[in-house]
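The sequence shown begins at 22 in my numbering and counts up by one.
For each residue, glycine too, the CB sits at the ideal point set by N, CA and C.
Heads up, the thing below is written out as structure tokens.
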Amino acid sequence: MFCLRPSRTALALVTCGLVAVLCGCGCSGSSAETGGDESAPNPTVPAFDGACALELIQTQCDFGPRTPGSKAHAEALVWLLAQLRELSGRVLEQRFSSETSFGGPYDFCNVLAWLGPQTGSPLLLAAHWDSRPTADEDPDPANHNSPVLGANDGASGVAVLLEMARLMAQTEPPRPILLAFLDAEDSGSSDSDQPYSGFCVGSAYLAEHWPEGWAKPAEGILLDLVGGDGKPIPRIPVRPIHGAVEFDLGLESNSLDANPKLVNQVWSQAEALGHKAFVRKTSGYITDDHVPLIRAGIKIIDIIEVFPLTWHTVDDTPEHCSADSLYQVGDTLMHVIYGGS
Ligand SMILES: [Zn+2]
Numbered sequence: 022m023f024c025l026r027p028s029r030t031a032l033a034l035v036t037c038g039l040v041a042v043l044c045g046c047g048c049s050g051s052s053a054e055t056g057g058d059e060s061a062p063n064p065t066v067p068a069f070d071g072a073c074a075l076e077l078i079q080t081q082c083d084f085g086p087r088t089p090g091s092k093a094h095a096e097a098l099v100w101l102l103a104q105l106r107e108l109s110g111r112v113l114e115q116r117f118s119s120e121t122s123f124g125g126p127y128d129f130c131n132v133l134a135w136l137g138p139q140t141g142s143p144l145l146l147a148a149h150w151d152s153r154p155t156a157d158e159d160p161d162p163a164n165h166n167s168p169v170l171g172a173n174d175g176a177s178g179v180a181v182l183l184e185m186a187r188l189m190a191q192t193e194p195p196r197p198i199l200l201a202f203l204d205a206e207d208s209g210s211s212d213s214d215q216p217y218s219g220f221c222v223g224s225a226y227l228a229e230h231w232p233e234g235w236a237k238p239a240e241g242i243l244l245d246l247v248g249g250d251g252k253p254i255p256r257i258p259v260r261p262i263h264g265a266v267e268f269d270l271g272l273e274s275n276s277l278d279a280n281p282k283l284v285n286q287v288w289s290q291a292e293a294l295g296h297k298a299f300v301r302k303t304s305g306y307i308t309d310d311h312v313p314l315i316r317a318g319i320k321i322i323d324i325i326e327v328f329p330l331t332w333h334t335v336d337d338t339p340e341h342c343s344a345d346s347l348y349q350v351g352d353t354l355m356h357v358i359y360g361g362s
């Protein structure tokens, strides 16, 4: 994600009406109120588990930096596809190749997965799964040749979506959900003359090549940088670009322009739940994966921290992520989807 205008395995057990799904990390969920009355108009909102999401960050980071062309990138894709195929009967690999600001051409893959009712207009939920080839915001220039592990920048959004998918596979959501795991978001450069300064390659490809037979969503929610722990890091000086050190999620301006109603719905839901990371201060126009999709007619908003101290540094590691931050985001979205309050 790039700031343009800085104004800124599942094993399913079915026993005596209890449905539990165990993910690869050993997390289990049981919201199993569906066992009694499947016609209930307001199903219980399944309980999002922030600790499980944090483990899903660790799992992704264990592959290493998921940078274009790397072994870790290829292995993480295999893992992601396996996770989704356990949870959804409808998964699409959208493969393409592209050059980036750092070379190539590389092989890329956007992954789509459908959950919930098979018909109707889906809500798009998206995150990028690649990580950045250079830690170019690191205060130590010697680290600029190192890739970013992307625990927060990449893996956090994927982790929240996978934890949500685990729950949604178990308790069918009242509306269709289209998950999009976008590749090649984070290989841009401020001096690039490519569209979006070379960022958002995967989302731009999806926007321009919407797959046949997949209903195009009217609206959606993008997650990026949603797992920070909001703690100071002594070696990283706080700069204006970081905003507040604590984990907070402000109102992103492209999102407000595209779909103010959905922004308000999400932030109001978070406030009703007492999730204090959601703050009503403007964070400016951010070039992120929602922008190409907005231009393609999808009114998608971005939930993003602008910017954590670890952003594009070698400290973007699981140790600087927080289960509570992931919970605040995941719990809010589960309530938005299931209509709980
Ligand atoms: Zn990034």
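The C-beta of Q290 has 16 or more other C-beta atoms within 10 Å across all chains shown, which makes the residue buried.
Checking the DSSP bridge columns, you'll see N131 partnered with Q115. Rounded to whole angstroms, A72 and Y127 show a C-alpha spacing of 34 Å. Not one heavy atom of ligand 1 falls within 8 Å of the beta-carbon of D336. The alpha-carbon of L146 is positioned some 10 Å away from that of V181.
Runs of the beta strand (DSSP E) spanning 3 or more residues and lying entirely within the region 273-345 occur at 299-308, 320-325, in chain order. Unbroken alpha helix (DSSP H) stretches of 4 residues or longer found wholly inside the region 171-244: 177-191, 222-229, given in chain order. Looking at the DSSP output, A148 sits in a beta bridge with F202.
CA-CA distance, I358 to A163, rounds to 45 Å. Measuring C-alpha to C-alpha distances from T88 to each of L113, L314, G125 identifies G125 as the nearest. For S213, the CB contacts under 7 Å within the same chain, skipping 5 residues up- and downstream, are S122, G219 in chain order. Note that the region 222-235 touches the region 109-120; at least 3 beta-carbon pairs, one per stretch, sit closer than 8 Å. Bridge pairing for L270: F299 [DSSP]. The three-state reading of DSSP puts L105 in helix, counting H, G and I together.
Judged by the Cβ position, E120 fails to qualify as a neighbour of ligand 1 at the 8 Å threshold, every heavy atom of the ligand being at least this far. If you draw a straight line from the Cα of P67 to the Cα of D345, it comes to about 17 Å. Shown here for D337: same chain residues with a beta carbon closer than 7 Å to its own, the five before and five after excluded, namely V169, L170, G171, A172, N173, D174, T331 in chain order. Comparing alpha-carbon positions, the option among L272, A293, P195, I322 lying closest to S304 turns out to be L272. Between L101 and C342, the C-beta gap is not smaller than 9 Å, which leaves the two residues out of contact. Non-local C-beta neighbours of A176 in its own chain, meaning closer than 7 Å and more than five positions away in sequence, comprise I78, Q81, C82, ordered along the chain.
At a cut-off of 8 Å, the beta-carbon of E326 does not count as near ligand 1: no heavy atom of the ligand is closer than that. A residue is called buried when at least 16 other Cβ atoms come within 10 angstroms of its Cβ; G234 does not meet this threshold and is exposed.
The beta carbon of R196 sits no closer than 8 Å to any heavy atom of ligand 1. The way I'd put it, the region 255-269 doesn't touch the region 184-201; fewer than three beta-carbon pairs between them come closer than 8 Å.
Around the beta carbon of R153, 16 or more other beta carbons sit within 10 angstroms, so the residue counts as buried.
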